[in-house]
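*Asks:* The following block contains the structure, expressed as structure tokens.
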Amino acid sequence: MITKLRTAILRLKKNEDGWVSPFSLFFSLGLLSFGGVAYEYAETVRQKTQYQHITDAVALAAVTQLPDREAAIALGMQVAAKYFPNEETPVSVTSSDFQFGTWDEEAKAFSTTDAPATAVSVMAVRSKERKNVAYTAFRAFTQSGDHGLRARSIARVTEVPFNACARGGFISGGYLTTGSHNSFGKSFCTYGQSGMEIGNNNYYESAASLQGGRNATFSYGGSNNCGGSSVCELETPGPDDPDKRITLPYSQDYLENYLQAGNTSIFRDGNMYTIQRVSKLPKKNKLVPYTAYIVNGDAEFSSNGNYENLIVLADSGTIKAGANTTFHNVVLLADDDILFGSNTQFGDGNHCAEGRYQTYMFAEGNIELGSNNAMNAIQMAAKGTLTFGTNITAIGDIHGETWGDVIFNSNNSLDSCPDALVSDFGWAPDIQALDPFGGTRGLVM
Amino acid sequence: MWIPVYFVLSGLVVDATSIALTQARMQAAVSDAARLVAVGYFSNEEGVSFIQNQAYSIENFTARISTSNSIVTATVTMPLADVIGLKIIARGEGVFGASAHFYTES
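See below:
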């Protein structure tokens, strides 16, 4: 019996019949495992691609709301929720997955910032911590990896030059206030970096612009006509840096130094001016045309005068002009203020055909003009306040810039020449700022 | 006896891969179409045609693009039976697809 059993075991040991079955079984398992690995890898890549699409869409939505971060997150989450319809709140993309900053094009790098952001980074995460790991049968069976994945997209908005009132108008670095019953014709432009307030019954032609800085406030009264609509709108694509000051066409300092150095050929007509240093501006009938008067202190133009072809610098002083005067081809520079009375006529009425400004005023302080003035072809700049009285008419272009406020009273009528006027100082209006949110918005990563 | 088993196993891998590839192509198509509609480059009809043109051979993409609350949604579906492959997985009923959502910028 034992011998028979031993013989049977030895025979079975040497017998190869049926070996194909266990071999095939293991071979099939191996084949299935390889297939499983390939499928799991493909599935992981598919999920990664899908999540990349999700972050792309969320980042592109969020960037449209910049610089408002809360709005960017809200809209981004609204888009994200579309991709996870079965989740009350998406787990893969949360508000903490949004980062705001800037994009360095050269370094291809994203940096977070507390300043107004021009780029947004969005991350989508599947991880154990979020309890949303991807279920993958093979990896679960082998306990390999953490089953997590991450996808990230960055979208940004490009900067573009901002040309506020590019062809002239009133540009204020503070607030621009307009009274009632004013008329702004053609392409006359007003800009208040901090804000604008306009009164009642004002008329703006459709091409006339109301512009402001990015955070400018805006209010207007009733019965206004803004390009045919009673609703007035403030364009606010302005610079984001509230401390960035408007670049004045020429500072009074610059021109004073220019003049003190003996340079007078600043008018385009090429006329040379003779410099005279005086303690007091001569009386109107003693003024000599084509003279540059450098007055030590205040300079006063008396009333009822006709002033042409003059340069006057009030060194450490104020320029004052009485009523009922005319000014043409005059440059006024003051270390302090420039103050004009009423009933003053600026320009000869030929400025549109001539194509250039005819009167220039640059003050370290304020510029104030009274009422009933005809202000044609004037370029002015001040570091203080520009104040205009009532009943001003400006048939041709008038351009004023200030770091302070512009206060504009009532019953004024402003218009533009068909073409922008050229400054004798070779300067074109430009507040020299970039609009950080005015360009295209798109993915960079 | 094992040959059919190997055939079935290989068929499973081929079908699974084909479905994954088709779905990846669907995802790319709806993302591109939704984005192009969102930026105003495509109309909805052009977006639908664009998606349908990404189908190969016997594939039959059913596409739809709609806009709600300024969010463009593009969806595409296809019956499993139309998957190019050995039709071991993809013999029965059912559809699969992809969708994409983009905020309108135009």
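Sequences listed follow chains A and B, in order.
By our numbering, the letter at position 300 of the first sequence is numbered 285, and the numbering carries on one by one without gaps.
By our numbering, the letter at position 3 of the second sequence is numbered 51, and the numbering carries on one by one without gaps.
Glycine is no exception: its CB is placed at the ideal position from the N, C-alpha and C atoms.
#1: Residues bridged to A/CYS211 by DSSP?
#2: By the criterion of Cβ-Cβ separation under 9 Å, what are the contact partners of B/PHE98 in chain A?
#3: Alpha carbon to alpha carbon, how far is A/THR40 from A/LYS67? Give it in angstroms, no decimals.
#4: Less than 8 Å between the CB atoms is what I'm expecting for A/LEU399 and A/ALA379, so what's the real figure, rounded?
#5: Between which two residues does the beta strand (DSSP E) holding B/PRO127 run?
#6: Quick check on this structure: which residue in A/GLN196, A/LEU195, A/ASN209 has the alpha carbon closest to the alpha carbon of A/ASN185?
#7: Quick one: which chain A residues come within Cβ less than 8 Å of B/GLN102?
#8: Three or more C-beta pairs closer than 8 Å, one from the stretch 73 to 89 of chain A and one from the stretch 31 to 48 of chain A: is that the case here?
#9: Looking at the C-beta of A/LEU(-10), does it have a partner C-beta in chain B at a distance below 9 Å?
#10: Can the beta-carbon of A/VAL64 be found less than 9 Å from the beta-carbon of A/GLN84?
#11: Measure the C-alpha to C-alpha separation of A/SER327 and A/ALA367 and round it to an integer number of angstroms.
#12: Would you mind sorting A/ILE416 into buried or exposed? The rule is 16 or more other CB atoms within 10 Å of its CB.
#13: If you reduce the DSSP assignment to three classes, tell me which class A/CYS337 lands in.
#14: Contact criterion: CB-CB distance below 9 Å. Does B/SER114 meet it with respect to chain A?
#15: Does the stretch 73 to 91 of chain B come within contact of the stretch 114 to 129 of chain B, defined as at least 3 CB pairs closer than 8 Å?
#16: CB-CB under 7 Å to A/ASP226, same chain, minus the five flanking residues each way: which ones, in chain order?
#17: Name the chain A residues whose beta carbon is nearer than 7 Å to that of B/LEU60?
#18: Give me the subset of the stretch 64 to 77 of chain B whose CB atoms are less than 7 Å from a CB atom of chain A, sorted by chain position.
#19: Just checking my contact of B/PHE90 with B/ILE99 at CB under 8 Å: how many whole Å lie between their CB atoms?
#20: Considering only residues of the same chain and omitting the five flanking positions on each side of A/ASN291, which have a CB-CB separation below 6 Å?
#21: Along the chain, where does the beta strand (DSSP E) containing A/GLY86 start, and where does it finish?
#22: Compare the Cα-Cα distances from A/LYS269 to each of A/TRP88, A/GLU90, A/ALA306 and report the closest residue.
#23: So what's A/LEU219 in DSSP terms, helix, strand or just coil?
#24: Looking at the C-beta of B/PHE144, does it have a partner C-beta in chain A at a distance below 9 Å?
#25: For the beta strand (DSSP E) that B/ASN101 lies in, which residues bound it at each end?
#26: Any beta-carbon of chain A closer than 9 Å to the one on B/ILE132?
#27: If we cut at 9 Å on Cβ distances, does B/THR121 have a partner in chain A?
#28: Does DSSP put A/ASN291 in a helix, a strand or coil?
#29: Tell me whether A/THR(-8) sits in a helix, a strand or coil according to DSSP, three-state version.
#30: Can you tell me the Cα-Cα spacing of A/ARG31 and A/THR79, whole angstroms?
#31: So which residues on chain B does A/THR34 lean against when the C-beta distance must stay under 7 Å?
#32: Can you tell me which of A/THR276, A/LEU272, A/TYR176 puts its alpha carbon nearest to the alpha carbon of A/MET257?
#33: Tell me which same chain residues have a C-beta within less than 6 Å of the C-beta of A/GLY369, skipping the five on either side of it?
#34: Beta carbons nearer than 8 Å to chain B: which residues of the stretch 40 to 60 of chain A have them?
#35: Quick check on the DSSP output: the alpha helix (DSSP H) that includes A/GLN431 runs from which residue to which?
#36: If you draw a straight line from the alpha carbon of B/ALA148 to that of B/SER97, how long is it in whole angstroms?
*Replies:* Reading off the structure:
#1: For the purposes of this step, residue 211 of chain A is identified with residue 226 of the first sequence, where counting begins at 1. Paired residue(s): A/TYR189, A/SER214.
#2: Here the question's residue 98 of chain B lines up with position 50 in the second sequence. The CB of B/PHE98 never comes closer than 9 Å to any CB in chain A; the least such distance is about 16 Å.
#3: Taking the first residue of the first sequence as 1, we reach residue 67 of chain A at position 82. Taking the first residue of the first sequence as 1, we reach residue 40 of chain A at position 55. Spanning the two alpha carbons is a distance of roughly 12 Å.
#4: As a first step, residue 399 of chain A is located in the first sequence; it is residue number 414 there, counting from the start. As a first step, residue 379 of chain A is located in the first sequence; it is residue number 394 there, counting from the start. The Cβ separation is near 5 Å, so the contact holds.
#5: Position 79 of the second sequence, counted from the first residue, corresponds to residue 127 of chain B. That run of the beta strand (DSSP E) goes 119 to 127.
#6: Taking the first sequence and counting its residues from 1, one reaches residue 185 of chain A at position 200. Taking only the C-alpha atoms, the option nearest A/ASN185 is A/ASN209.
#7: Looking up residue 102 of chain B in the second sequence gives position 54. Residues of chain A passing the Cβ test: none, with the nearest at roughly 15 Å.
#8: yes
#9: Locating residue -10 of chain A in the first sequence gives position 5, counting from the first residue. Not closer than 9 Å to any Cβ of chain B, the Cβ of A/LEU(-10) fails to qualify, so no.
#10: Reading the first sequence from its first residue, position 79 is the one you call residue 64 of chain A. Reading the first sequence from its first residue, position 99 is the one you call residue 84 of chain A. Their beta carbons are not under 9 Å apart, which means A/VAL64 does not touch A/GLN84 by this criterion.
#11: Position 342 of the first sequence, counted from the first residue, corresponds to residue 327 of chain A. Position 382 of the first sequence, counted from the first residue, corresponds to residue 367 of chain A. Their Cα atoms are separated by approximately 20 Å.
#12: As a working note, residue 416 of chain A is residue 431 in the first sequence. Because the pLDDT at A/ILE416 is just 47, under 50, the model does not fix this residue reliably, and the value given afterwards should be weighed accordingly. Burial call: buried.
#13: Indexing the first sequence from 1 puts residue 337 of chain A at position 352. Of the three classes helix, strand and coil, the one that applies to A/CYS337 here is helix, per DSSP.
#14: What you label residue 114 of chain B is simply residue 66 of the second sequence in a count that begins at 1. Cβ-Cβ to chain A under 9 Å: no for B/SER114.
#15: yes
#16: Mapped onto the first sequence, residue 226 of chain A falls at position 241. Annotation note: pLDDT 47 at A/ASP226 (below 50); position unreliable, coordinate value reported separately. Correct list: empty, nothing qualifies.
#17: Locating residue 60 of chain B in the second sequence gives position 12, counting from the first residue. Going along chain A in sequence order, the residues near B/LEU60 (Cβ under 7 Å) are GLY20.
#18: ALA64, THR65, ALA68, GLN71, ALA72, GLN75
#19: Position 42 of the second sequence holds residue 90 of chain B. Position 51 of the second sequence holds residue 99 of chain B. Going by Cβ atoms, the distance from B/PHE90 to B/ILE99 rounds to 10 Å, so no, they are not a contact pair.
#20: Residue mapping note: residue 291 of chain A aligns to position 306 of the first sequence, counting from 1. Closer than 6 Å at Cβ, skipping near neighbours: THR311.
#21: Taking the first residue of the first sequence as position 1, residue 86 of chain A is located at position 101. First-last of the beta strand (DSSP E) with A/GLY86: 83 to 89.
#22: On the first sequence, position 284 is the one that residue 269 of chain A refers to. Of the candidates A/TRP88, A/GLU90, A/ALA306, the one whose C-alpha sits nearest the C-alpha of A/LYS269 is A/ALA306.
#23: Locating residue 219 of chain A in the first sequence gives position 234, counting from the first residue. Note: A/LEU219 maps to coil in three-state DSSP.
#24: Along the second sequence, read from residue 1 onward, the residue named residue 144 of chain B stands at position 96. It does not; no Cβ of chain A falls within 9 Å.
#25: Position 53 of the second sequence, counting from 1, holds the residue named residue 101 of chain B. Counting along the chain, B/ASN101 falls outside any beta strand (DSSP E), and DSSP gives it neither H nor E.
#26: Locating residue 132 of chain B in the second sequence gives position 84, where the first residue counts as 1. So no, B/ILE132 is outside the interface.
#27: Start at 1 with the first residue of the second sequence, and residue 121 of chain B comes out as number 73. So, interface residue.
#28: For the purposes of this step, residue 291 of chain A is identified with residue 306 of the first sequence, where counting begins at 1. If DSSP states are grouped into helix, strand and coil, A/ASN291 belongs with the strands.
#29: For the purposes of this step, residue -8 of chain A is taken as the residue at position 7 of the first sequence. A/THR(-8) falls in the helix class under three-state DSSP.
#30: Translated into the one-based positions of the first sequence, residue 31 of chain A becomes position 46. Translated into the one-based positions of the first sequence, residue 79 of chain A becomes position 94. A/ARG31 and A/THR79 have their C-alpha atoms roughly 21 Å apart.
#31: Stepping through the first sequence from its first residue, residue 34 of chain A is reached at position 49. The answer, in chain order, is ALA72, GLN75.
#32: One-based indexing of the first sequence puts residue 257 of chain A at position 272. When each option's Cα is compared against that of A/MET257, the closest is A/THR276.
#33: Walking along the first sequence from the start, residue 369 of chain A turns up at place 384. If we look at A/GLY369 and ignore the five residues flanking it on each side, its Cβ neighbours are GLY350, ASN351, GLY389.
#34: ASP41, ALA42, LEU45, ALA46, THR49, LEU60
#35: For chain A, the structure presents residues -14 to 430; residue 431 of chain A sits outside this window and is missing.
#36: In the second sequence, counting from the first residue as 1, residue 148 of chain B sits at position 100. In the second sequence, counting from the first residue as 1, residue 97 of chain B sits at position 49. Answer to the nearest angstrom: the Cα atoms are 16 Å apart.
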